[in-house]
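Numbering (our numbering), first residue to last: 1 to 284. Quick reminder that beta carbons are idealized off the backbone N, C-alpha and C, glycines included. Notes for the one structure printed next.
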Amino acid sequence: MMLRMKDTQCVAFLQWALPRLGLHWPGYRKVRDQVCKRVQARLKELGLSEAAGYQALLERNPSEWVRLEAMCPITISRFCRDRPVFDDLTSEVLPALAAAARQRGEGVLRCWCVGCACGEEVYSLRLMWDMQLAARYPELDLELLGTDSEAQVLARARNACYPRSSLRETPPDWLGEAFTIQDGDYCVRPEFRRHIAFELQDIRRSLPEGLFDLILCRNLVLTYFEPDLRRAVLTRMVARLQPQGALVVGIHERLPDEFRGLEPWPGSRACYRRCGDGADHSQA
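Okay, here's the thing in structure tokens:
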């Protein structure tokens, strides 16, 4: 009978392995159980009794790093997570972006959710626009893209059905209007799934084409990536923003020290506006 890996063993293993994947151990400290359970399952699959044996395997078999990397994404999400951020988007950010798009003569606002997991954030934006803003901007609509590196969570996003616990921050009037109940889950009605695409993509390796008015990258790059990778990915993301476009990060996240190309969006939490040419010249 295989013993369960102790938390101290898993912590020591993650502190050794994560930096080799360009990932940041402090970001995983409070959510490590997700990864530890996956590593434990892999140990069982390989017939190993402890993390030290898995570490030795990684050192002699580089292809196993691909399996380990696939165990590391953290998938914690819900509708309107950190509700004050969505309130700011509704009251301040999206109206300003809509006015700018209208001035450019465009008919859509392009929004990209990076690391979208099961799609709650994408559908939150769709519902927020339709319920609270669409009537003010009849000539505009949202075009929403959600990307993630895990095919399994994207399949759930496309299915658009969620447990009640995922909607605990959702405005109560949305529940009856935007969802149907199927087998105990709340499923987004078809009319609130329009202009939404989900794509398999790893932000470390590739980005979607074109410019976006709004990018949400919350609790991913600035939490889980090592500092050098964090800055490089952030720079590439900012280059995908329209001039004066908005980037939203996690409510407890902060930009790298001396990062250029973004300025705080006045009166909004965790939101930044592209300024200048959007490039990070801090290393110049």
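Closer than 7 angstroms to chain B by CB, residue i
i: arginine 158; result: No chain B appears in the structure shown, which is made up of a single protein chain.
C-alpha gap between residue i and residue j, whole angstroms
i: lysine 30; j: glycine 107; result: 42 angstroms
i: valine 93; j: glutamate 64; result: 44 angstroms
i: cysteine 116; j: glutamine 182; result: 23 angstroms
i: arginine 136; j: aspartate 88; result: 17 angstroms
i: cysteine 10; j: serine 91; result: 44 angstroms
i: tryptophan 265; j: alanine 98; result: 15 angstroms
i: phenylalanine 179; j: aspartate 82; result: 21 angstroms
i: glutamine 152; j: methionine 128; result: 26 angstroms
i: histidine 24; j: valine 35; result: 13 angstroms
i: glycine 276; j: lysine 6; result: 50 angstroms
i: proline 243; j: arginine 20; result: 35 angstroms
i: threonine 28; j: leucine 18; result: Here residue 28 turns out to be tyrosine, not threonine, going by the sequence shown. Roughly 9 angstroms separates the two Cα atoms.
i: glutamate 199; j: valine 66; result: 20 angstroms
i: serine 77; j: alanine 270; result: 17 angstroms
i: tyrosine 186; j: methionine 131; result: 18 angstroms
i: alanine 232; j: tyrosine 162; result: 34 angstroms
i: proline 26; j: leucine 68; result: 18 angstroms
i: arginine 230; j: lysine 37; result: 26 angstroms
i: leucine 167; j: alanine 100; result: 31 angstroms
i: alanine 157; j: leucine 58; result: 32 angstroms
i: glutamate 45; j: threonine 75; result: 22 angstroms
i: aspartate 257; j: tyrosine 272; result: 14 angstroms
i: threonine 8; j: glutamate 150; result: 27 angstroms
Buried versus exposed, by CB contacts within 10 Å (16 or more), residue i
i: alanine 70; result: exposed
i: serine 165; result: exposed
i: arginine 189; result: exposed
i: glutamine 201; result: buried
i: asparagine 219; result: buried
i: leucine 43; result: buried
i: alanine 41; result: exposed
i: proline 73; result: buried
i: arginine 196; result: Strictly speaking, residue 196 in this sequence is isoleucine, with arginine absent from that position. Under this definition isoleucine 196 is a buried residue.
i: glutamate 121; result: buried
i: tryptophan 16; result: exposed
i: arginine 260; result: buried
i: arginine 126; result: buried
i: leucine 262; result: buried
i: alanine 155; result: exposed
i: aspartate 228; result: exposed
i: glycine 245; result: buried
i: glycine 119; result: buried
i: serine 268; result: buried
i: aspartate 148; result: buried
Own chain residues within Cβ distance below 7 angstroms of residue i, not counting five before or after
i: arginine 104; result: none
i: leucine 241; result: Leu211, Phe212, Ile215, Leu247, Arg274 and Gly278
i: arginine 236; result: Leu207
i: glycine 140; result: Reading the sequence as shown, one finds leucine at residue 140 and not glycine. Taken in chain order, the residues that qualify are Ala98, Ala101, Arg102, Gly107, Val108 and Leu109.
i: leucine 14; result: Trp25, Tyr28, Arg32 and Val35
Cutoff 6 angstroms; reference residue i; Cβ partners in own chain excluding five residues on either side
i: cysteine 80; result: Phe86, Ser124, Glu169 and Thr170
i: leucine 48; result: Tyr54
i: leucine 110; result: The sequence given here places arginine at residue 110; leucine does not occur at that position. Contacts found: Glu143, Phe212 and Asp213.
i: cysteine 113; result: Glu121, Val122, Gly146 and Leu216
Check: residue i C-beta below 6 angstroms from any heavy atom of the ligand SAM
i: alanine 239; result: Of the ligands one can find in the structure shown there are none, so the ligand SAM has no counterpart to examine.
Proximal residues to residue i (C-beta, below 8 angstroms), its chain only, five neighbours per side dropped
i: asparagine 61; result: none
i: leucine 133; result: Thr90, Leu94, Pro95 and Ala98
i: alanine 12; result: Ala51
For this session: Taking 8 angstroms as the threshold, find out whether the stretch 41-56 comes into contact with the stretch 144-161 through three or more Cβ pairs.
Result: Touching, no, given that fewer than three Cβ pairs across the two stretches are closer than 8 angstroms.
Exercise. Are three or more beta carbon pairs between the stretch 248-263 and the stretch 204-212 nearer than 8 angstroms?
Worked result: Short answer: they don't touch.
Problem set entry | Any 3 or more C-beta pairs closer than 8 angstroms across the stretch 172-191 and the stretch 215-229 | No contact exists between the stretch 172-191 and the stretch 215-229.
Problem set entry | Start-end ranges of the alpha helix (DSSP H) lying completely within the stretch 29-108, minimum 4 residues | For the stretch 29-108, whole alpha helix (DSSP H) runs of length 4 or above, ordered along the chain, are 32-46, 51-60, 64-70, 83-88 and 94-103.
For this session: At 4 residues or longer, and completely inside the stretch 126-187: list those alpha helix (DSSP H) runs for me, N to C.
Result: Within the stretch 126-187, the complete alpha helix (DSSP H) runs of at least 4 residues are 151-159 and 172-178.
Problem set entry | Contained alpha helix (DSSP H) runs [length at least 4] in the stretch 187-245, N- to C-terminal order | Taking only runs of at least 4 residues, the alpha helix (DSSP H) segments lying wholly in the stretch 187-245 are 221-224 and 227-238.
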